[in-house]
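A quick write-up on the structure given underneath.
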Amino acid sequence: MLEGKTIQSMTGRNSQHSFFSNEMVIKYGGLIFAIVFVGLLYSLIIRPQAEKVERNNRVLLAQDAGKGEFVPARSISIIIKNPEQQICFTLLVWAVIMVSGKTITIHRIRKNMGEVFIEVEDGERIIPEEALSHAKHLDSRLQDDPDLKEQILPKIFLTSLRRFHSTHSIQEVSQSVREISDSEAERMDSDLSLPRLIIGFLPMVGFIGTVRGIAQALTNAEKAIRGDIQGVTENLGLAFNSTFVALILSIVLMVYVHYLQTRQENLIFEVQEYCRDKLVALMKIPFKEEGEISMTQNSSN
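Structure below.
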């Protein structure tokens, strides 16, 4: 009962401040940063550079005077200058910020494995009667460190100590470790749903640019018949460049997300192993109590 009330109170506090949690700040703050950063990059660097290259191409084309020797200059600014590519880069930066935030969280959890959550002497064991005092000591320590309190390891230690006190069962503690770590693994996986959605959305944005480029190229078909092919080539460039950039960015983001997912899966195994060594292995049921439990189980059978 005590454990259930504690979990409910923790959930209540988290729900009250969920909008201002680090996760929400990274998600929505990252979106605002991505829009502003990529927008400034395009307005100050990419589009002015692309316009400069296009002006030079027009001058060289006029100087060519129909000789057929003109080859337009290409640059990265020409390839990524259009709104579709800007949207793709904005989505990429936003997704990278979110995934990087998860990577930092993994690093912090691994760093927490160097913390001492239960202070016991060498050779000392935790019995059910002492588990609650260890839990209170850990809880008071976590009150002074809110960031640490939200990490998975303190949650596992706190919940497991309380369960050990209430159930007097090491098996129940092991089950608690698995349940919390599995729940955390599911939460970590669900947090990647938005980056995965962006991976699928990027090619769609590129395809929109392809359709727009082909449509605009067709509107210039009559000029191309008269010999002015500049409009057709520019719009066909938009069509191919949009898909090309979107696919490249999608592949880059896919690799990064897969890397993070692998690290998360490895982290869960490491957390479970750490809890078995630093928590479950320290627990002991007194011999007399073990005999009583055994007799109770035999009588029930």
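Each step along the sequence shown adds one to the number in numbering that gives the first Met the number 0, with nothing skipped, and position 246 is 245.
Glycine residues also receive a C-beta, built at the ideal position from the N, C-alpha and C atoms.
- MET97 has no beta-bridge partner at all, per DSSP.
- Assignment of MET112 by DSSP, reduced to helix, strand and coil, places it in the coil class.
- In the assembly as shown, MET282 is a buried residue. Its beta-carbon has 16 or more other beta-carbons within 10 Å.
- Boundaries for PRO285: no alpha helix (DSSP H) harbours it, and the DSSP string shows neither H nor E there.
- Secondary structure at ILE125: strand, using DSSP grouped into helix, strand and coil.
- Remark: C-beta atoms of GLN84 and GLY199 do not approach each other more closely than 9 Å.
- Rounded to whole angstroms, the separation of the alpha carbons of ARG162 and SER192 is 32 Å.
- Put simply, the stretch 20-37 touches the stretch 87-103. At least three CB pairs are less than 8 Å apart.
- Taking C-beta atoms under 8 Å as the contact rule, GLN271 and ARG177 qualify, at a distance of about 7 Å.
- Only exposed fits ILE250, as fewer than 16 other CB atoms lie within 10 angstroms of its CB.
- Between the stretch 147-155 and the stretch 104-113, the count of C-beta pairs closer than 8 Å reaches three or more; the two stretches touch.
- Looking from the CA of GLN48, the closest CA among LEU246, GLN170, VAL37, ILE75 belongs to ILE75.
- Taking 8 Å as the upper bound for CB-CB distance, ASP144 and LEU157 are not in contact here, some 13 Å apart.
- The alpha carbon of ILE155 has as its nearest neighbour, out of GLN263, ASP188, PHE116, the alpha carbon of PHE116.
- Here LEU201 is not near LEU131, since their CB atoms are 9 Å or more apart.
- Short of 8 Å from the beta carbon of LEU141, and not among the five residues preceding or following it, lie these beta carbons of its own chain, in chain order: LEU147, LYS148, PRO153, LEU157.
- If you look at VAL210, you'll find it in the alpha helix (DSSP H) that goes 192-218.
- The Cβ atoms of ILE45 and ILE79 lie closer than 9 Å to each other.
- Counted as a single uninterrupted DSSP element, the alpha helix (DSSP H) harbouring TYR27 occupies residues 21-40.
- In the DSSP annotation of this structure, SER168 is not part of any alpha helix (DSSP H), being labelled neither H nor E.
- Listed in chain order, the non-local C-beta contacts of ASP188 below 6 Å within the same chain number zero, local neighbours out to five positions each way being set aside.
- Per DSSP, reduced to three states, the secondary structure at ASP144 is coil, with no helix or strand assignment.
- Cα atoms of THR218 and LEU248: separation of roughly 29 Å, rounded to the nearest angstrom.
- Rounded to whole angstroms, ALA280 and THR104 show a C-alpha spacing of 26 Å.
- In this structure, the CA atom of ASN265 is about 30 Å from the CA atom of GLY122.
- Taking the Cα positions, TRP93 is about 10 Å away from PHE36.
- Shortest Cα-Cα distance from ILE213 to any of MET203, VAL204, GLY236, PRO194 involves GLY236.
- SER42 and VAL52 have their alpha carbons spaced roughly 15 Å apart.
- Cβ-Cβ distances below 6 Å link THR242 to GLY205, THR209 in the same chain, with the five nearest sequence neighbours on each side left out; the list follows chain order.
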